[in-house]
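Counting from 438, one number per residue, gives the positions in the sequence shown under our numbering. Heads up, the beta-carbon is just placed ideally off N, CA and C, and yes, glycines get one too. Since we're looking at a predicted model, the values are computed, not measured.
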Amino acid sequence: MPRPSLRHPLLGNARFRRFFLGRLLSLVGDAVIPSALALAVLHATGSASALALVLGCAMVPRLVLLPLGGVIADRFDPRLVALTTDVVRCAGQLFVGIELLSGRPELWQIAVAEAIGGAASAFAMPTLASLIVGIVGEKDRQAANSALAVVRSGTLAGGPALAGLLVLTAGPGWAFVLDAASFAVSAALLATLRLSRTTAPAEERRSLRSDLVEGWHEVRSRGWYWTSLVAHATWNGGAAVFATLGPAVAVKELGGDGAWIVIAQAGAVGLLLGSLLSGRARPRRPVLTGNLALTTYVLPLGLLALHTPAPAVAAAFGVALTGLGFFNPLWETAVQAAVPAAVLARVTSYDWLLSLAAMPLGYVLAPLAADAWGEATPLWIAAAAVGLSCVATAGVPGVRQFTLNTPVDTQAHSPVDSPADSPVDTPADCPTRKVSSRDRPRRPSAPRRTPAGRPRP
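Below you can see the structure in the form of structure tokens.
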């Protein structure tokens with residue numbers, strides 16, 4: 438089994454330090470936006486429907502354009518793609534901030550700016566894995582992915598408090614200005630990086646349709662991968678059910694608003710602890726171990742369905758998100774080791790697409806099922822689906838046999854900054870081709886401004 442370098446990539450890799458700083462700043466900026474955006478739109482319009490419209494304007498372009506974003510990141514320099522999207526999002530958030538500071542914000546202007554930002558994120562998210570592959574040697578990637586996950590978890594935990602401070606003291610407009618500044622700094626740091634080549638040579642490029650088909654083939658050809666994605670999509674659907682029904686049950690049955698705040702904060706702490714734990718763990722079968730860790734989400738779903746006291750639900754939710762925080766870096770590292778670099782972004786984009794698309798389905802179906810059969814029924818269905826789908830992956834030979842023991846064929850690397858940029862190992866069941874798009878790290882997104890870190894899960 439590969440051993441990590443004696444020096445953490447933050448200490449031994451100057452390129453990764455610059456990249457990490459840019460990610461840290463942009464994640465801090467992103468963390469304040471959900472709360473600031475909600476308050477800004479509600480104050481400007483007084484309408485929850487207006488907020489739903491703005492959120493939809495950001496989500497729909499992201500979902501529609503994700504596969505195209507994967508193709509672009511594989512065809513061109515992912516550093517340049519990420520830099521360009523940072524500049525676009527900087528301009529969009531600065532525009533919204535200025536509109537809010539002017540005191541005369543127009544809903545359609547905010548909606549258009551968020552739509553542009555959502556479209557930009559569809560091109561940015563698939564680049565993260567490629568950037569990690571080009572910056573960090575394989576033996577150090579789990580430590581690098583864990584460090585990024587810790588920052589992501591920490592900003593998710595502290596973002597609402599920072600947003601509240603900014604909104605109450607300076608107004609929501611300054612939260613958007615802060616986010617714009619974070620994107621500007623991230624773009625400047627990306628401009629200083631030099632990456633190993635991960636894109637396909639120009640003479641090997643084909644039509645857009647061929648590239649999309651090839652990316653999907655890379656997903657389907659790996660049994661351990663697509664079966665795990667089914668489980669992950671189910672997990673995300675279950676998380677959407679919990680996020681939709683959890684606040685209502687907590688407020689009505691478990692003690693009011695304070696009960697839900699305690700539950701949510703326990704999850705944020707668990708996510709951070711899991712991310713820290715993943716930086717030290719070296720499971721021999723990372724995909725199997727990670728998928729089984731996700732089964733812990735059954736606990737909060739079941740306890741919420743039983744109307745168990747809030748402290749028990751909070752503890753269970755903390756355990757479940759510890760499993761998620763532990764899973765994410767393991768999964769990202771495994772994918773980066775198994776998928777050829779030339780197709781990694783496309784594979785990653787399909788992963789994100791499945792993860793994000795499953796959540797709106799949960800948001801829509803959970804209230805309908807609760808109205809028809811009561812809140813406990815969709816919670817139990819979600820718990821059963823999550824538990825069965827995650828445990829079922831253990832029956833897939835590729836999941837059980839996936840290890841990081843088999844060395845990868847030699848790959849071209851650009852000069853490295855330090856010994857931390859060392860070659861990596863490939864899973865035993867990975868076909869002997871060049872690495873594909875699924876090996877590249879993900880960019881949260883943003884979650885992505887996504888709930889719970891990155892519901893990938």
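Check	Outcome
Would you list the one or two residues that DSSP bridges to residue 533?	Bridge partners of residue 533: none, in fact.
Along the alpha helix (DSSP H) that carries residue 616, what are the first and last residues, could you check?	609-628
Determine whether the beta carbon atoms of residue 463 and residue 619 lie at a separation below 9 Å.	yes
Which first and last residues belong to the alpha helix (DSSP H) in which residue 811 is found?	Segment: none, residue 811 is in no alpha helix (DSSP H) and carries neither H nor E.
Which residues in the same chain have their Cβ closer than 8 Å to the Cβ of residue 743, if we skip the five residues on either side of it in sequence?	813
Out of 732, 708 and 629, state which residue places its alpha-carbon closest to the alpha-carbon of residue 665.	732
Let me know if residue 721 comes out buried or exposed under the rule of 16 or more other beta-carbons within 10 Å of its beta-carbon.	exposed
Would you report the Cα separation of residue 734 and residue 541, rounded to the nearest angstrom?	44 Å
Between which two residues does the alpha helix (DSSP H) carrying residue 745 extend?	Run containing residue 745: none; DSSP gives neither H nor E here.
For residue 846, count the other beta carbons within 10 Å of its own beta carbon; 16 or more makes it buried, fewer makes it exposed. Which is it?	Low confidence applies to residue 846: its pLDDT is 34, below 50, so where it sits in the model is not reliable, and the reading given next is rough at best. Result: exposed.
Quick check: the segment 586-593 against the segment 711-725, are there 3 or more CB pairs under 8 Å?	yes
Applying the 10 Å Cβ sphere with the 16-neighbour rule, what's the burial state of residue 617?	buried
Quick check on residue 820: buried or exposed, where buried means 16 or more other Cβ atoms within 10 Å of its Cβ?	buried
When you compare only the Cα positions, how much space is there between residue 691 and residue 478?	30 Å
Excluding the five sequence neighbours on either side, which residues of its own chain have a C-beta within less than 7 Å of the C-beta of residue 445, listed in chain order?	580
Where does residue 841 fall in DSSP's three states?	coil
In its own chain, which residues sit with a C-beta less than 6 Å from the C-beta of residue 624, not counting the 5 before and 5 after it?	520, 523 and 524
When you compare each of 680, 707, 679 and 738 to residue 761 by their alpha carbons, which one comes out closest?	707
With burial defined as no fewer than 16 other Cβ atoms inside 10 Å of the residue's Cβ, what is the status of residue 661: buried or exposed?	buried
Using 8 Å as the cut-off, can you tell me whether the segment 457-477 makes contact with the segment 596-604, which would need three or more C-beta pairs spanning the two stretches below that distance?	yes
For the 8 Å Cβ check, are there 3 or more pairs between the segment 793-802 and the segment 766-785?	no
Can you tell which of 792, 739, 723 and 775 has its C-alpha closest to the C-alpha of residue 764?	723
DSSP three-state call for residue 453: helix, strand or coil?	helix
In terms of residue numbering, what span does the alpha helix (DSSP H) encompassing residue 564 cover?	564-572
State the CB to CB distance for the pair residue 682 and residue 816, rounded to an integer number of angstroms; the pair is presumed to be in contact (CB under 8 Å).	6 Å
Hey, how far is the Cα of residue 593 from the Cα of residue 705?	7 Å
Assign residue 810 to one of two classes, buried (16 or more other C-beta atoms within 10 Å of its C-beta) or exposed (fewer than that).	exposed
Going by C-alpha to C-alpha distance, which of 658, 745, 716 and 647 sits closest to residue 688?	745
Taking Cβ positions, are residue 510 and residue 567 nearer each other than 9 Å?	yes
To the nearest angstrom, how far is the alpha carbon of residue 850 from that of residue 447?	For residue 850, the predicted model reports a pLDDT of 34, less than 50, meaning its position is unreliable; a value from the coordinates is still stated below. About 19 Å.
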